[in-house]
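The numbering used here puts the first residue of the sequence shown at 6, with every later residue one more than the last. Structure first, then comments.
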Amino acid sequence: MKGFLVPVLGALFTLLANHGAFGQAAKTLTLQGSIDLALEKNVFVTQARNTLEAQQSAKHAAVGAMLPSLDLSGAFSRNQIWSSQQAGVIFVQGIPISVGGTDFRANNSFSTGLSSQVTLFNGFANTSRVSQSQSTAAAADYSLDRTQQTTINTTVQLYLDVVRTSQLLKVSEDNLKRSEKQLDRITESNKVGAVAVADVYRQKVQVGSDELALIQTQSAHEKAKADLVAYLGVDFDQEYKFDFAGIPDNIDTTEFAAVNAKYTDFENLYKSAVEKRPDYQASIQNLNAADAGISMARAGYFPSLSLLGSYGYNNTELSTLTDNRNLYFGVNISMPIFSGFRTQDQVEQAQVTRRNADEQLRQAQRQVRVDIRKALLDLESAEKQVTVTQASVKSAEMDRKIAEEKYNPGSGTLLDLLVATANYTTTVSNKVNAVILYLQAKKQTEYALGTLSK
């Protein structure tokens, strides 16, 4: 009875644990589909898009501040007065009438009108504000572009990590199957006295090691998938499967020459990158915005001139409102004499902001150079690793086959076979890592040059 309940309870537990997975069909994620999802849902892209909308709104407000304002107003008021009078008697046509008590009076007031005001000159503060808002909006636009490039690059790197761990999982599964088959052969050979019992135990140890390696690889694969799903910003509880179509598991080394030919002239690559990289262009726009900020601050030293006027109606009766009309216009001029050093402080603060923006631009230039240099070094290293691992896999495979052929007849040792098998598994894993590293390095190079797109 106990032997029956254990598998039944185990199956029931598995069913309950996977209930959520059966509740909805698994969604398939391709590389391009993952990129599209990231561009739509990733939090950094969303934040950059919101920032751009805010800066565009500020730009419209800056332009609108240069236009005349127009306000429509209306008002109603009522004034009620109660006053006390001295008591007495008055005669009306000989008839005495008592007077006194409280006198009541009420006055209504109705008014409506239009008013307008426009700034004619304020030390170029308005024009500088427009220039600053335009530069800030342009910087936000470039920042959104770079954020999208970063999102694409990160998605590609994470997706390729899923591919890599999936392929390594297949390598571990195949290796465990070989170890288990080898254990079966050794066990049968031991039964007929062909091999020592020590070989059986040694192979069992190897099977256990391969099982442990498989568990670790499975964990790494699940973590890679979790990292990708979290970055995409999609439903974490949804089950996903992956379609790796179009992603090569082997690299034709003849393509290296064509790839490297595009990246031979470093200075030309740098000049092209500073023209194309949105983050560098954003730094230029931030510097322009800082220049405009200095002009805005200096406007406090200049007089301001504005034109204002109004036209309206007012009366005590609503029916006769238009009988009384009022037209007012005038010019307002203001000359700053002393502002408690506020203007001087604003100018100094703006100049500091400008110097910081200039340093950020210089740092952006240095960063472009560093990014390109590192990307090219990584690409070169990845190409060499692909070349070396492809040759190593062929040699390791032949060595493993030879070790198997020698051990089965008894002319070789189990240790030789274990070493050859371990070397083969390692070289196959190294090849998987090298291929994915090369694909990642190519995308990273495009990202460093600012040419990465969907």
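From the three backbone atoms N, C-alpha and C, an ideal C-beta is built for every residue, glycine too.
Could you check if residue i is buried or exposed, using at least 16 other CB atoms within 10 Å of its CB as the buried criterion?
i	result
Pro283	buried
Tyr316	exposed
Lys459	exposed
Lys64	buried
Gly298	buried
Ala26	Only weak support is given to the placement of Ala26: the predicted model assigns it a pLDDT of 45, under 50, and the value that follows is read from those uncertain coordinates. By the neighbour-count rule (16 or more Cβ atoms within 10 Å), Ala26 is not buried but exposed.
Ala145	buried
Ile256	buried
Glu272	exposed
Val437	buried
Ala130	buried
Tyr164	buried
Asp270	exposed
Thr327	exposed
Which residues in the same chain as residue i place their Cβ atom closer than 8 Å to its Cβ, once the five residues preceding and following it in sequence are excluded?
i	result
Ser148	Ala53, Thr56, Leu57, Pro283, Asp284 and Ala287
Lys406	none
Asp41	Lys459
Going by C-alpha distance, which of the options is nearest residue i?
i	options	result
Ser277	Gln372, Thr456 and Ala396	Thr456
Glu402	Ala387, Glu385, Leu423 and Glu388	Leu423
Ala294	Gln162, Val161, Ile342 and Arg360	Arg360
Tyr443	Gln243, Thr269, Ala130 and Asp166	Asp166
Ser82	Arg371, Ala70 and Ala111	Ala111
Thr124	Pro308, Ala262, Thr431 and Ser400	Pro308
Glu322	Val68, Phe115 and Val440	Phe115
Ile289	Glu178, Met340, Ile252 and Ala142	Ala142
Tyr452	Asp350, Thr348, Asp376 and Asp296	Asp376
Leu237	Ser39, Val440, Thr327 and Phe109	Ser39
Phe109	Leu119, Ile86 and Gln98	Ile86
Gln139	Val210, Met71 and Gln61	Gln61
Val48	Ala235, Tyr412, Ser344 and Asn265	Ala235
Arg378	Ala446, Gly314, Lys182 and Ser177	Ala446
Do residue i and residue j have their C-beta atoms within less than 9 Å of each other?
i	j	result
Ala4	Ala355	Lying before the first or after the last residue shown, residue 4 is absent from the chain, which here runs from 6 to 459.
Thr117	Tyr318	yes
Arg207	Leu381	no
Ala304	Gly128	yes
Thr170	Ala231	no
Leu34	Tyr245	yes
Thr160	Leu233	yes
Ala67	Val135	yes
DSSP three-state call for residue i: helix, strand or coil?
i	result
Arg330	strand
Leu233	helix
Lys267	coil
Asp254	coil
Ile157	helix
Pro463	The chain is shown only over 6 to 459; residue 463 falls outside these bounds and no answer can be derived.
Phe27	Only weak support is given to the placement of Phe27: the predicted model assigns it a pLDDT of 46, under 50, and the question is left unresolved by the model.
Ser458	coil
Near residue i, which residues of its chain fall below 6 Å by C-beta distance, leaving aside the five closest residues on each side in sequence?
i	result
Asp404	Ala425
Asn435	Thr394
With a CB to CB cut of under 7 Å and the five nearest residues on each side skipped, what residues in its chain are close to residue i?
i	result
Ser194	Val200
Leu77	Leu119
Arg187	Before going on, a small fix: residue 187 reads as Gln here, not Arg. Taken in chain order, the residues that qualify are Gln208.
Could you check whether the Cβ of residue i sits closer than 9 Å to any Cβ belonging to chain C?
i	result
Ser300	No chain C is present in this structure, which holds just one protein chain.
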